[in-house]
Amino acid sequence: MEPSMALAQPRSPQSAWKKLRQVFAAWREFDGILLMTVLVLTGIGIVAIHSTVRERPISHYWLQQLIMAGIGLVPLLALARIPYERFLRWHWVTYALTLAGLTAVLFFGSAGGGAERWLSIAGIQIQPSEFAKLGVILTLAAILHHWPIKYFSQIWVAVAVITPPWVLIFLQPNLGTALVFVVILLAMLYWAGAKGSWIILLMSPGVGAILYGLHTRPELSWMLWVWLLWCLGMASMAAWRLPWRWTGAVTFGVINLLSGHLGQVAWHFLKPYQRRRLEIFIDPAQEPWGSGYHLIQSRIAIGAGGLWGQGIQQGTQTQLDFIPEQHTDFIFSAIGEEMGFFGTLTVLILLWIVCVRLIFIAQGAKDNFGSLIAIGVLAMILFQSVVNIGMTIGLAPITGLPLPFLSYGRSALLTNFLAIGLVESVVMHRQRTTFFT
0 MEPSMALAQP RSPQSAWKKL RQVFAAWREF DGILLMTVLV LTGIGIVAIH
50 STVRERPISH YWLQQLIMAG IGLVPLLALA RIPYERFLRW HWVTYALTLA
100 GLTAVLFFGS AGGGAERWLS IAGIQIQPSE FAKLGVILTL AAILHHWPIK
150 YFSQIWVAVA VITPPWVLIF LQPNLGTALV FVVILLAMLY WAGAKGSWII
200 LLMSPGVGAI LYGLHTRPEL SWMLWVWLLW CLGMASMAAW RLPWRWTGAV
250 TFGVINLLSG HLGQVAWHFL KPYQRRRLEI FIDPAQEPWG SGYHLIQSRI
300 AIGAGGLWGQ GIQQGTQTQL DFIPEQHTDF IFSAIGEEMG FFGTLTVLIL
350 LWIVCVRLIF IAQGAKDNFG SLIAIGVLAM ILFQSVVNIG MTIGLAPITG
400 LPLPFLSYGR SALLTNFLAI GLVESVVMHR QRTTFFT
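Using numbering that gives the first Met the number 0, you'd call the opening residue of the sequence shown number 0 and step up by one each time.
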């Protein structure tokens, strides 16, 4: 008697094709252009980092950046699959974790570069201020989603939310990241419905403090008149654009008048190296071998690159260590010298593509929460890119902000990848889908 044998039914080609189509359907809304652009930027950064630290004890930095890019890609893709609306109900938890991380830095942080910004966990250095950017974006997006800006008084709710993390960042001290928080706030307020004049009024005390501070330099004494005209202009704008005309005019006129003197007080809260950076920005030649050295050498390197560059690992300024911190803050100058105008233009175009995609995603989001997340990430990436590139060519003061996706920094790179993952979630869940359970 022959044993019975159960014959396995062969899988039909139609069934396999249907399953494959379902897999692709799950990712049909994924923004591949955004991800590929980010990966190309990261690749350029890894090549530049490898070139800047070649044959030195820190030559493993490029490998760390490569590993972190691979690690960061996993949560990026995972976040893209998770409906971003789930973060809406947890935004206060996110906010609490953000404040906890920033507070821990003040008490347990390790010092570096004149500031306490890092936490050591299991031997790994983590920078909570980088992750705080994403926490603030999620919290502000949730608040402005629930309460869109219709009246000027509503702005102060968002300001109150961002003030505690901003103060903790400023106390580290980390002036560059504190400025990023301000730009994220202003961009998200505008996208949430705040009028342009309201944004200007909100910024006016800071601008007034800068104008007043400039007039104290003998060669810029005429800036005092500019400051007085600014105060008058802000009072007039408040009377014109706010519902409480005369009260608003007096309030913002007085605030701007006081801001000049308060700015002088805040100036003394800055660390000496921070004050020197701002002073050198005005005239780097006054200390060519001191605080102005970074900027002068950076401009020489970019200019020496010419059209096509001197070649990878061939740049004299880069290879001979004329540029300090060239694998982090001044990575753009290394790219300019070794890859030339073509390399820097490529980087600028790729960053432009990232920003354009973020704008398209914000416009196409199905709700305010998703749209505001995309705008917050846009503000973070755009501002850091402009300031970092600007400081390498002398158009912005040296602040220590990394160039997104290119500068070495594990926390910064992971934060940027997480931010892109959240934005990809906004893209993939523009319409209700059934592939996620």
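Ideal placement from N, C-alpha and C gives every residue a C-beta, glycine not left out.
Reference residue i, options the options, closest by Cα
{"i": "Leu394", "options": "Pro403, His428, Ile358, Ile295", "result": "Ile295"}
{"i": "Thr162", "options": "Leu87, Gln63, Gly232, Leu185", "result": "Leu185"}
{"i": "Leu210", "options": "Leu139, Trp226, Val156", "result": "Trp226"}
{"i": "Arg85", "options": "Ile392, Ile48, Ala140", "result": "Ala140"}
{"i": "Asn173", "options": "Ser128, Phe331, Ala208", "result": "Ser128"}
{"i": "Ile254", "options": "Phe169, Tyr189, Gly205", "result": "Gly205"}
{"i": "Thr41", "options": "Leu105, His90, Cys354, Asn415", "result": "Asn415"}
{"i": "Thr138", "options": "Val39, Val376, Leu257", "result": "Val376"}
{"i": "Ala418", "options": "Leu75, Gly232, Phe29", "result": "Leu75"}
{"i": "Ser119", "options": "Phe130, Val104, Ala131", "result": "Val104"}
{"i": "Ile388", "options": "Leu412, Ile301, Gln313", "result": "Ile301"}
{"i": "Ala234", "options": "Ile148, His90, Gly207", "result": "Gly207"}
{"i": "Ile43", "options": "Thr102, Glu337, Ser258", "result": "Glu337"}
{"i": "Arg88", "options": "Ile352, His144, Gly100", "result": "His144"}
{"i": "Ser258", "options": "Ser109, Met35, His326, Gly212", "result": "Gly212"}
{"i": "Gly335", "options": "Cys354, Lys365, Val353, Arg298", "result": "Arg298"}
{"i": "Val37", "options": "Gly420, Arg429, His428, Pro242", "result": "Gly420"}
{"i": "Phe340", "options": "Leu256, Ala303, Cys354, Leu96", "result": "Ala303"}
{"i": "Thr441", "options": "Glu28, Val135, Arg116", "result": "Residue 441 falls outside the range modelled here, since the chain spans only 0 to 436, and no answer is possible."}
Which of helix, strand or coil DSSP assigns to residue i
{"i": "Leu118", "result": "strand"}
{"i": "Gln126", "result": "coil"}
{"i": "Leu6", "result": "Note that Leu6 scores a pLDDT of 48, beneath 50, so its modelled location is shaky and nothing firm can be said."}
{"i": "Gly42", "result": "helix"}
{"i": "His260", "result": "helix"}
{"i": "Ala418", "result": "helix"}
{"i": "Glu324", "result": "coil"}
{"i": "Leu87", "result": "coil"}
{"i": "Gly75", "result": "For clarity, residue 75 is Leu in the given sequence; the question names Gly instead. Three-state DSSP puts Leu75 in a helix."}
{"i": "Ala237", "result": "helix"}
{"i": "His520", "result": "Coverage of the chain is limited to positions 0 through 436, which leaves residue 520 absent and any answer about it impossible."}
{"i": "Arg429", "result": "coil"}
{"i": "Phe329", "result": "coil"}
{"i": "Ile198", "result": "helix"}
{"i": "Tyr94", "result": "helix"}
{"i": "Ser207", "result": "A small correction: the amino acid at residue 207 is Gly; Ser does not occupy that position in the sequence shown. It is helical."}
{"i": "Arg409", "result": "helix"}
{"i": "Ser220", "result": "coil"}
{"i": "Leu394", "result": "coil"}
{"i": "Tyr150", "result": "coil"}
{"i": "His59", "result": "coil"}
{"i": "Pro164", "result": "helix"}
{"i": "Leu306", "result": "coil"}
{"i": "Asn173", "result": "coil"}
{"i": "Leu402", "result": "coil"}
Length of the line joining the Cα atoms of residue i and residue j
{"i": "Leu133", "j": "Val346", "result": "23 angstroms"}
{"i": "Leu65", "j": "Val425", "result": "26 angstroms"}
{"i": "Gly252", "j": "Ile397", "result": "31 angstroms"}
{"i": "Asn367", "j": "Pro82", "result": "14 angstroms"}
{"i": "Met236", "j": "Met222", "result": "21 angstroms"}
{"i": "Gln153", "j": "Ile372", "result": "19 angstroms"}
{"i": "His49", "j": "Ala333", "result": "11 angstroms"}
{"i": "Thr246", "j": "Ala238", "result": "8 angstroms"}
{"i": "Ile322", "j": "Gly69", "result": "29 angstroms"}
{"i": "Thr215", "j": "Cys230", "result": "17 angstroms"}
{"i": "Arg244", "j": "Trp224", "result": "25 angstroms"}
{"i": "Ser406", "j": "Ile45", "result": "8 angstroms"}
{"i": "Gly310", "j": "His260", "result": "50 angstroms"}
{"i": "Leu167", "j": "Val92", "result": "18 angstroms"}
{"i": "Val249", "j": "Ile198", "result": "18 angstroms"}
{"i": "Arg356", "j": "Pro164", "result": "29 angstroms"}
{"i": "Ala47", "j": "Ser220", "result": "43 angstroms"}
{"i": "Glu423", "j": "Ala378", "result": "16 angstroms"}
{"i": "Phe130", "j": "Asp30", "result": "23 angstroms"}
{"i": "Asp328", "j": "Lys149", "result": "39 angstroms"}
{"i": "Glu218", "j": "Ile392", "result": "23 angstroms"}
{"i": "Gly100", "j": "Leu306", "result": "45 angstroms"}
{"i": "Phe106", "j": "Ile380", "result": "29 angstroms"}
{"i": "Ile348", "j": "Leu33", "result": "13 angstroms"}
{"i": "Tyr189", "j": "Pro147", "result": "10 angstroms"}
{"i": "Ser109", "j": "Val182", "result": "27 angstroms"}
Beta bridge counterpart(s) of residue i as assigned by DSSP
{"i": "Ser424", "result": "Answer is none; Ser424 lacks a bridge partner."}
{"i": "Ser109", "result": "Trp117"}
Residue-level contact to chain C via CB, residue i, 8 angstroms cutoff
{"i": "Leu357", "result": "Absent here is chain C; the protein component of the structure consists of one chain."}
Exercise. Would you call the segment 387–401 and the segment 193–204 in contact, with 3 or more CB pairs under 8 angstroms?
Worked result: Taking a cut-off of 8 angstroms on C-beta distances, the segment 387–401 does not touch the segment 193–204, as fewer than three cross pairs fall below it.
For this session: Decide yes or no for the touch test of the segment 376–386 against the segment 156–174: beta carbon pairs closer than 8 angstroms, at least 3 of them.
Result: Taking a cut-off of 8 angstroms for Cβ pairs, the segment 376–386 and the segment 156–174 do not touch, as fewer than three such pairs fall below it.
Problem set entry | Segment contact, 8 angstroms Cβ cut-off, at least three pairs: the segment 165–178 with the segment 352–367 | Taking a cut-off of 8 angstroms on C-beta distances, the segment 165–178 does not touch the segment 352–367, as fewer than three cross pairs fall below it.
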